[in-house]
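Take a look at the structure below.
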Amino acid sequence: MPSSEFKRLLCMKLGYRELGDSGKGSHCWLVSDAHPRIRWAFHRREVSSIEVRKLLVNQIGLTLEEARRVVE
Numbered sequence: 541m542p543s544s545e546f547k548r549l550l551c552m553k554l555g556y557r558e559l560g561d562s563g564k565g566s567h568c569w570l571v572s573d574a575h576p577r578i579r580w581a582f583h584r585r586e587v588s589s590i591e592v593r594k595l596l597v598n599q600i601g602l603t604l605e606e607a608r609r610v611v612e
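In short: position in the sequence shown from 1, add 540, done, that's our numbering.
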């Protein structure tokens, strides 16, 4: 999945938004009122299915079923 599409899904389905001042460098923070903030470090590349699952399940704390619904 392209990183831009994955980021768009996080914003649309989980309410994430980019933190305005994320500091120096190309990485940024994504924040949500309902979920933990995450460091976005995927830039203009494909995000593997393993990376998608790790981010949704391990970092955000979704169940596998909830994670499936996000990417459908």
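Cβ atoms here follow ideal geometry from the backbone N, Cα and C, with glycine treated the same way.
Because the structure is a prediction, the values reported are computed rather than measured.
{"Asked": "Pairwise C-alpha distance: residue 546 and residue 611", "Found": "8 Å"}
{"Asked": "Unbroken beta strand (DSSP E) run spanning residue 578, endpoints", "Found": "578 to 580"}
{"Asked": "Residue range of the unbroken alpha helix (DSSP H) whose run includes residue 559", "Found": "Where residue 559 is concerned, there is no enclosing alpha helix (DSSP H), given that its DSSP letter is neither H nor E."}
{"Asked": "Chain-order list of residues whose beta-carbon lies under 8 Å from that of residue 599 (same chain, five-residue window excluded)", "Found": "576, 578"}
{"Asked": "Integer-rounded CB distance, given that residue 541 should sit under 8 Å from residue 586", "Found": "7 Å"}
{"Asked": "Rounded straight-line distance, which links the Cα of residue 559 to that of residue 588", "Found": "24 Å"}
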